[in-house]
Amino acid sequence: TQEKDGNSIYQFVKQTIKLRNEYPEIARGTVKFEENISDDKVCVIKKTYGDSEILLVYNLAPESADVDLSGVTAGEKSGGVLLTGTEEAVLQDGTLTMPGYSVVIVK
Numbered sequence: 092t093q094e095k096d097g098n099s100i101y102q103f104v105k106q107t108i109k110l111r112n113e114y115p116e117i118a119r120g121t122v123k124f125e126e127n128i129s130d131d132k133v134c135v136i137k138k139t140y141g142d143s144e145i146l147l148v149y150n151l152a153p154e155s156a157d158v159d160l161s162g163v164t165a166g167e168k169s170g171g172v173l174l175t176g177t178e179e180a181v182l183q184d185g186t187l188t189m190p191g192y193s194v195v196i197v198k
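At position 101 of the sequence shown the residue is numbered 192 (our numbering), and the sequence of numbers has no breaks.
Structure representation (structure tokens):
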């Protein structure tokens, strides 16, 4: 049943594994917690592996959040996204707007 449901836990875990495989920085990179951007609802982590850097941005709250990424270097485009609903994440002019309970990879 979950294989047929695009919003199931099975599909979420499948997407998570796919992103981990697409971005070696996630499993192998060194970690830097971006404490100046993170707060009680949003967690931002920079992962560096070789010459490549990504940001992992987590919205841990049920409501959407705007995250100012203009002061962090890692890229300017959204890579992978993990969502728990139908609302999309948008990165525009250095600000990432994320739905509740979502994860965005910025490369």
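All C-beta atoms, glycine included, are put in the ideal place defined by N, C-alpha and C.
Collapsed DSSP secondary structure at residue i in the structure displayed
i    : result
L182 : strand
E144 : strand
I136 : strand
I196 : strand
Spatial distance of residue i from residue j (CA atoms)
i    : j    : result
V172 : R111 : 11 Å
K77  : E94  : The first residue shown for the chain is 92 and the last is 198, placing residue 77 beyond what the model contains.
G185 : T92  : 39 Å
E179 : G141 : 30 Å
L151 : K132 : 5 Å
Y101 : I117 : 20 Å
G97  : E154 : 22 Å
M189 : V195 : 8 Å
K183 : G170 : Going by the sequence as given, residue 183 is Gln instead of Lys. The straight-line gap from Cα to Cα measures roughly 13 Å.
V163 : D130 : 15 Å
E125 : D157 : 15 Å
Residue interval of the alpha helix (DSSP H) (run including residue i)
i    : result
I108 : I100 to E113
Assumed close pair residue i, residue j - CB separation to whole angstroms, cut-off 8 Å
i    : j    : result
V210 : I145 : Within the shown structure, residues of the chain are numbered from 92 to 198, placing residue 210 beyond reach of any answer.
Extent of the continuous beta strand (DSSP E) to which residue i belongs
i    : result
L173 : S169 to L173
D159 : A156 to D159
V122 : T121 to F124
Contact with chain E by residue i, beta-carbon distance below 8 Å
i    : result
A118 : The question asks about chain E, but that chain is absent: this structure has only one protein chain.
Distance cut-off 7 Å: residue i Cβ against heavy atoms of the ligand FAD
i    : result
V104 : This structure simply doesn't include the ligand FAD, nor any ligand for that matter.
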